[in-house]
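Worksheet: the structure to be examined is printed underneath.
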Amino acid sequence: MSSTSEELVAKALREGSAGAAAIPGPSAATLEALAAAMQPQPVSLQMLSSTAQDRSLQIRLQQANFIRRELIARRVRILALLHTMPESLARREAVSQLAGVYWERLKSVMERPDATSEEDERGFLARQMKHNESIKTIGDAEEEQMCIRALDEMQLERGSDWWATHPEERVAVDRHLDAIFLARISLRFLLKHYIASETSRPGFVGIIERACSPVALCRALSASIRTKLQDQYGQVPSVEIVGDERHTFTYVPSHIEYVVGTLLKNSLVATLRRQHGEPQGIANIPPLVRHLQPPLPPVRVIVSAGEDVVQIKLADEAGGISRSSLINVWSYRRCADDL
């Protein structure tokens with residue numbers, strides 16, 4: 008890091024320890040200055056793949072210090088975003104609690120210097136592995152619940168129809184939360200890749216698969232999700248996968264699994280719900296719906312690929328979303344009944 012960045016890190020630690028800010032951590036001004044001095048570095052899959060293949064001590068030290076810098080830069084950005092949330096959310100106790108979580112994580116990295124020896128690098132890796140394990144158990148759910156709690160408190164205070172009558176503020180809140188969660192996703196990506204690079208896995212470099220087949224991935228996802236839904240509801244639509252399994256590209260399969268898996272489950276459940284004729288809301292579906300007469304209309308997953316783009320589309324006969332409800336699709340303050 009530059010001398011300016013080091014000075015700002017020291018200042019942030021002093022202010023955070025003093026506890027003078029309304030939200031845990033240093034002042035908003037110091038966070039903004041540090042965020043400006045330590046911009047997150049853009050990375051590519053090619054760059055991450057090439058560096059992860061070299062396991063020499065020199066490269067491992069460079070990787071550890073790069074990750075340390077990015078952890079600081081990206082956590083500073085998240086904390087700064089929490090400090091500058093719209094006033095209606097910033098004063099919520101849940102937001103203060105979430106800021107406290109990120110301040111402790113940021114402080115734990117800032118308090119230690121760059122790695123200069125193998126012992127330093129091994130220690131840094133061990134700490135990040137421990138942190139990653141804690142995230143798997145409670146981290147994401149805890150953070151998301153804090154945001155939901157703050158939004159619930161805000162809606163309770165202002166009335167159930169407040170979001171509908173104040174679209175401008177809702178958009179501002181959604182964009183702010185988008186920025187926070189996108190920063191978190193990028194941070195987690197780098198951290199998981201850094202940890203995974205320590206272990207050799209056929210066909211992979213870290214969490215990046217050299218020859219990822221989206222069609223094969225969708226087939227495996229479909230089988231897994233349908234099995235779970237079959238156990239839960241007693242019946243589930245079939246899934247038709249359209250595409251060439253031989254087409255591969257370099258990508259992170261876990262990202263496809265998360266996005267396509269969520270959409271596919273939604274499509275299957277929505278198709279069941281529509282055919283069953285129950286009101287909106289999964290809670291209204293009985294545990295067993297074996298009396299439904301097959302066949303249910305299938306859900307189609309269409310994978311198309313060109314030289315520089317891969318597209319995955321889902322099509323179902325679940326009725327879609329009304330045009331008037333489209334505004335609710337990407338809002339954090341919506342539920343199934345809004346759609």
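For the sequence shown, the numbering used here gives the first residue as 8, with consecutive numbering after it. All C-beta atoms, glycine included, are put in the ideal place defined by N, C-alpha and C. Values in this document were obtained by computation on a predicted structure and should not be read as measured data.
Range covered by the beta strand (DSSP E) that runs through residue i
i	result
residue 258	256-258
residue 218	215-219
residue 247	246-249
Own chain residues within Cβ distance below 8 Å of residue i, not counting five before or after
i	result
residue 37	15, 18, 19, 22
residue 304	244, 278, 282, 323, 324
residue 145	Low per-residue confidence applies at residue 145: pLDDT is 48, beneath 50, and the placement is therefore not dependable, though the value from the model is reported in the following sentence. The answer is none, since no qualifying residue turns up.
Same chain, Cβ closer than 6 Å to residue i, neighbours up to 5 away in sequence not counted
i	result
residue 290	Any reading at residue 290 needs caution, since the residue's pLDDT is 49, under 50, leaving its predicted position unreliable; the model's value is listed next. There are no such residues.
Sub-9 Å separation of residue i and residue j beta-carbons
i	j	result
residue 319	residue 221	yes
residue 85	residue 190	yes
residue 310	residue 256	no
residue 80	residue 104	no
residue 138	residue 55	no
residue 135	residue 240	no
residue 101	residue 154	yes
residue 259	residue 196	yes
residue 194	residue 267	no
residue 125	residue 68	yes
residue 42	residue 83	yes
residue 32	residue 90	yes
Same chain, Cβ closer than 7 Å to residue i, five either side skipped, listed in chain order
i	result
residue 183	88, 92, 93
residue 11	44
residue 24	none
residue 345	Model confidence at residue 345 stands at a pLDDT of 48, short of 50, so the residue's coordinates are unreliable and nothing is read from them.
residue 286	Because the pLDDT of residue 286 is 39, which lies under 50, any placement of that residue in the model is unreliable, and the number read from its coordinates should be weighed accordingly. Here the set comprises nothing.
Residue i: first and last residue of the uninterrupted alpha helix (DSSP H) it sits in
i	result
residue 321	Here residue 321 belongs to no alpha helix (DSSP H); instead the beta strand (DSSP E) covers 317-322.
residue 307	Per DSSP, residue 307 belongs to no alpha helix (DSSP H); it is in the beta strand (DSSP E), 306-312.
residue 77	64-90
residue 191	174-203
residue 54	52-60
residue 130	125-141
residue 23	10-25
residue 339	First-last for residue 339: undefined, no H or E at that position.
residue 103	100-117
residue 37	35-44
8 Å contact criterion, which residue i and residue j should meet: CB distance rounded
i	j	result
residue 247	residue 307	5 Å
residue 261	residue 214	6 Å
residue 71	residue 212	The Cβ separation is near 17 Å, so there is no contact.
residue 180	residue 271	Their Cβ separation, rounded to whole angstroms, is 29 Å, which puts residue 180 and residue 271 out of contact at 8 Å.
Practice problem: Evaluate the contact criterion for the region 70-89 versus the region 210-218: three or more CB pairs, one atom per stretch, below 8 Å. | Solution: no
Exercise. Would you be able to state if there are at least three C-beta pairs under 8 Å between the region 206-214 and the region 109-124?
Key: In this structure the region 109-124 does not touch the region 206-214; the number of beta carbon pairs closer than 8 Å is below three.
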